[in-house]
Each structure stands twice: as structure tokens, then as C-alpha cells.
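In this note's numbering, the protein residues as written are 5 to 390. Taking it in order: structure first as C-alpha cells, then the write-up.
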Ligand code: NZQ
Ligand code: ZN
């Protein structure tokens with residue numbers, strides 16, 4: 005196991021009927037901006053419940069944060085926060101609203117109005133010294149944004165990840181009832197996203213990190229068991245709770261502490277979202293199977309472990325176990341109604357080349373835990389996925 009620092013200050017408020025506790029979670033004298041997305045949080049009454057819980061506070065609503073949140077939209081909220089001296093931002097929504105709100109919180113205290121500077125640090129922490137305090141009411145289990153310090157913002161048609169310890173939510177409310185209005189497609193995307201968050205931290209080089217590995221395997225097995233139940237049965241609360249808590253644990257830092265990480269699937273997926281508008285979780289499910297087939301020699305020991313411990317494959321040679329585990333993973337995504345070939349999404353050879361060109365522009369030329377996944381290899385993976 006490698007050296008690591010693990011820090012996570014987010015207070016999780018998990019369970020049904022807990023929105024009323026917002027009253028104790030946000031200071032009474034706070035001026036609060038409630039941020040939300042297109043319409044779901046309004047339409048299904050969550051914003052009204054949130055406002056009722058915060059009755060004594062001065063409240064500003066800011067709606068319209070898009071899926072894959074856009075820089076220009078967020079800057080409008082930043083301006084309001086500064087003009088109105090907002091001191092608490094409350095995200096009510098999925099990953100896009102939570103990420104957008106993290107950006108707003110940092111940008112409102114940025115020393116200049118060149119807020120895009122926040123986006124140019126990659127996976128290194130943004131060197132910020134102040135931010136507004138933020139909280140989340142999470143309505144979509146997928147990204148783990150409710151308990152991590154990261155976000156992804158679209159700026160000039162490219163997706164930029166950022167991280168900053170000041171972007172950890174002070175609290176996140178995870179009320180499973182709020183997720184019952186999700187379309188099936190979003191639940192499927194969420195299962196895939198959470199699954200691949202674990203994979204990108206677990207399926208790398210073996211460093212004998214037993215706790216991280218076994219938590220990761222537990223999360224994967226729970227997603228395999230309870231993801232499809234949640235998808236099929238909107239009333240199964242036990243499965244839904246396990247799915248939600250899996251998604252949070254997949255990316256709250258615990259699995260990734262002290263182990264090599266490989267975010268290649270995410271980096272390729274971000275380009276597919278930026279250029280072709282395919283939902284985040286779905287892009288990952290499309291790419292992962294052929295990425296694993298291409299990289300099976302690099303990831304050999306962990307792939308065998310994945311086959312045996314996650315998919316319970318005990319028979320056959322190591323090569324057969326690996327091949328079957330990857331096939332089962334792809335079949336799992338397909339069983340969620342996620343088609344895993346590029347042609348289905350209208351991406352042809354020209355599309356593949358434009359993904360490669362943009363990745364080059366973004367400097368994404370040496371990916372993976374070993375830094376040797378070049379754009380030629382990305383091309384091979386994409387061609388195999390046609
Ligand atoms: O905008 P509204 O009307 O709210 O509709 C949203 C949106 O259309 C809808 N939705 C959310 N909660 C709902 C609901 N509809 C009905 N009922 C509810 N309870 O779902 C749609 C998708 O929402 P979005 O927030 O975009 O989805 P998701 O949570 O998958 O977030 C995706 C974003 O997160 C980033 C992605 O890049 C993408 O921009 N990621 C963030 C990460 C992080 N912060 O750590 C890591 C991830 O890997 C990911 O990259
Ligand atoms: Zn993701």
C-alpha cells in the first residue's frame with residue numbers, strides 16, 4: 005500500500021423524511037442560495053420542501069444548471085452570490101448541480117473574475133484559500149459528488165475536472181424517496197458510473213491494499229445485486245438504499261487511498277459527452293469493456309482477482325477467467341439497457357478521430373496508472389468498440 009492522506013469532512017444525513025433537518029444544518033442567520041437543475045427539483049416539490057425547512061432564512065433561488073454544467077450559467081450565479089452577499093449555497097439535484105455549486109462556492113471567493121482559472125489544475129488541488137460553505141440535497145445516486153471534493157465543469161465545449169478540499173460539502177442529505185422520480189435511464193447511468201468509479205481505483209496494479217480492495221469488491225457486488233432491483237422495482241427501498249450508499253462510497257476517497265488509479269475510461273468518456281452529448285455514466289459503460297480487453301496484460305493480477313471475487317468465477321485458466329469477467333461486466337451494462345457500441349450512438353471513424361484530436365488538445369496523451377496509454381491505444385479501443 006502506498007502512503008496516503010485521507011480527509012473527508014462531509015456529514016452524511018441518510019434516510020427517508022430527513023429534509024426537515026435542514027433547519028439545524030444551516031445557520032439561522034445565513035443568506036442561502038438554493039441551486040437546482042432544469043425542472044425536476046421544482047416539479048417534484050423538493051424545492052418547496054427545502055424552502056419550508058429554511059423558512060426563517062433569506063433565500064435566493066438559482067435554477068437552470070444543465071446536465072454537464074456550463075461555465076457561463078454558473079458565472080451568473082457567482083455574480084448574484086457576490087452582489088447579494090450570499091453566505092451558504094445549497095445544491096438540490098444530481099452530480100451536475102452539486103458540481104456546479106462547488107464551482108460557484110469557489111468562484112464567489114476567487115481573487116479575480118477570471119473564474120476559469122479554477123478549472124486548469126487537473127487532478128491537483130485548486131490553490132484556493134476561501135469558498136462559500138455548501139451543502140447538498142442529492143437527488144441522483146451516481147457521481148459521489150455528495151461526499152467528495154471534485155467537480156466537472158464544461159468550459160468552451162470541453163469538460164474540465166477540478167478538485168479542492170474547500171469544495172467538500174459541509175453536509176449531504178441522501179433521502180432515497182427523492183430518487184424515485186428518476187427515469188430508468190438515469191438509474192442505469194448511475195449504476196454504471198458508480199461501478200466504473202470503483203473499477204478505475206481498483207482494477208490497476210496490485211499493491212496489497214486489502215481494505216481498499218475488499219470495500220471496492222463489496223461495492224461492486226452490491227451494485228450487481230441491488231442496481232438491477234432498483235431499476236426494475238421503484239418500491240424496493242432496501243435495494244435503493246444500498247444502491248445509493250454504494251454510489252457514495254464508490255467515490256468518497258476511501259477506495260482510492262494509497263492505491264494506483266487509472267482514470268482513462270473517464271477521460272475518454274468526457275470527450276464523448278463533450279462532443280456527442282452522451283450521458284456520463286453511459287460513455288463509461290461503452291468504453292470500459294474494450295479498454296479492459298486491450299489492457300488485460302497490464303492489469304492481469306487484479307483482473308484475476310476481479311473475476312474470482314466479484315464475479316465468483318472459479319473454473320478455467322487465468323486467461324479464461326479474465327475474458328469471462330470482462331464479458332460478464334459488459335453483459336451487466338447491457339442488462340441495464342445500455343448499448344455498448346459506438347455505431348448505436350452515431351459515432352463513426354470520423355467521430356473517433358475527432359475524439360482523438362480533442363484529447364490531444366486537452367493534453368490527454370499519456371493516460372492510465374502507468375502513464376503509457378497513448379492516443380494510438382485509445383484509437384484501438386474505440387475501433388474495437390465500433
Ligand atoms: O436538470 P433536472 O431537471 O434536475 O434533471 C436532471 C438531469 O436531466 C435529472 N434528475 C436529477 N435528479 C432527478 C432527476 N430527474 C428526476 N428525478 C430526480 N430525482 O437527471 C438528469 C441528469 O442529471 P445530472 O446531474 O447531469 O446527472 P449525474 O448525477 O449523473 O451527473 C453527471 C455529471 O457529474 C459529473 C459528470 O461529468 C457530469 O457532468 N461527474 C462528477 C464527478 C464528481 N463530482 O466527483 C465524478 C463523475 O465521474 C462525473 O464525471
Ligand atoms: Zn463518473
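C-beta atoms are modelled at their ideal positions from N, C-alpha and C, and glycine is treated no differently. Owing to the predicted nature of the structure, the values given are computational and were not obtained by experimental measurement.
Determine the direct distance from the alpha carbon of residue j to that of residue i, and round the result to whole angstroms.
i: residue 134; j: residue 165; result: 19 angstroms
i: residue 363; j: residue 312; result: 34 angstroms
i: residue 114; j: residue 62; result: 24 angstroms
i: residue 33; j: residue 39; result: 19 angstroms
i: residue 37; j: residue 348; result: 40 angstroms
i: residue 170; j: residue 328; result: 42 angstroms
i: residue 128; j: residue 163; result: 16 angstroms
i: residue 188; j: residue 45; result: 17 angstroms
i: residue 256; j: residue 371; result: 22 angstroms
i: residue 80; j: residue 212; result: 47 angstroms
i: residue 56; j: residue 325; result: 54 angstroms
i: residue 26; j: residue 319; result: 52 angstroms
i: residue 92; j: residue 58; result: 12 angstroms
i: residue 334; j: residue 368; result: 25 angstroms
i: residue 306; j: residue 24; result: 44 angstroms
i: residue 89; j: residue 208; result: 45 angstroms
i: residue 336; j: residue 50; result: 32 angstroms
i: residue 323; j: residue 310; result: 13 angstroms
i: residue 254; j: residue 201; result: 6 angstroms
i: residue 117; j: residue 35; result: 22 angstroms
i: residue 229; j: residue 219; result: 15 angstroms
i: residue 31; j: residue 104; result: 22 angstroms
i: residue 130; j: residue 321; result: 46 angstroms
i: residue 22; j: residue 297; result: 44 angstroms
i: residue 19; j: residue 119; result: 36 angstroms
i: residue 246; j: residue 178; result: 12 angstroms
i: residue 12; j: residue 150; result: 11 angstroms
i: residue 67; j: residue 112; result: 17 angstroms
i: residue 86; j: residue 350; result: 43 angstroms
Taking the alpha-carbon of residue i as reference, which of the options has the nearest alpha-carbon?
i: residue 216; options: 388, 128 and 260; result: 260
i: residue 275; options: 298, 112 and 356; result: 356
i: residue 160; options: 150, 129 and 124; result: 124
i: residue 232; options: 211, 196, 202 and 279; result: 196
i: residue 303; options: 389, 178, 376 and 186; result: 376
i: residue 17; options: 298, 7, 180 and 291; result: 180
i: residue 83; options: 243, 48 and 110; result: 110
i: residue 293; options: 262, 244 and 204; result: 204
i: residue 388; options: 280, 194, 365 and 291; result: 291
i: residue 69; options: 321, 156, 167 and 54; result: 156
i: residue 343; options: 19, 287, 35 and 94; result: 287
i: residue 7; options: 289, 262 and 272; result: 262
i: residue 366; options: 190, 158 and 354; result: 158
i: residue 382; options: 186, 360 and 373; result: 360
i: residue 42; options: 95, 12 and 30; result: 95
i: residue 289; options: 301, 199, 214 and 300; result: 199
i: residue 10; options: 153, 21, 73 and 65; result: 153
i: residue 126; options: 112, 136 and 168; result: 168
i: residue 137; options: 358, 378, 283 and 14; result: 14
i: residue 5; options: 192, 242, 210 and 53; result: 210
i: residue 192; options: 78, 341 and 21; result: 341
i: residue 214; options: 66, 72 and 258; result: 258
i: residue 74; options: 242, 373 and 281; result: 281
i: residue 373; options: 339, 271 and 106; result: 271
i: residue 71; options: 390, 331, 285 and 184; result: 285
i: residue 295; options: 308, 358 and 386; result: 386
i: residue 206; options: 308, 345 and 353; result: 308
Q: Evaluate contact between the segment 140-156 and the segment 99-108, counting only Cβ atoms and requiring at least three cross-stretch pairs below 8 angstroms.
A: yes
(Q) Which complete alpha helix (DSSP H) runs does the segment 59-98 hold, if anything under 4 residues is left out? (A) 75-88
Q. Any contact of the segment 216-227 with the segment 246-261, i.e. 3+ C-beta pairs under 8 angstroms?
A. yes
Q.
I'd like to know if the segment 170-182 and the segment 302-319 are in contact, where contact means that at least 3 CB-CB pairs between them fall below 8 angstroms.
A. no
Q | Inter-stretch contact (C-beta, 8 angstroms, three-pair minimum) for the segment 235-242 and the segment 257-273 | A | no
Q) What runs of the alpha helix (DSSP H), each 4 residues or longer, lie entirely inside the segment 208-271? A) 214-236 and 241-254
Q | beta strand (DSSP E) runs contained entirely in the segment 125-158, provided each spans 3 or more residues | A | 137-142
Q. Of all the alpha helix (DSSP H) runs that stay within the bounds of the segment 294-358, which reach a length of 4 or more residues?
A. 304-313 and 322-339
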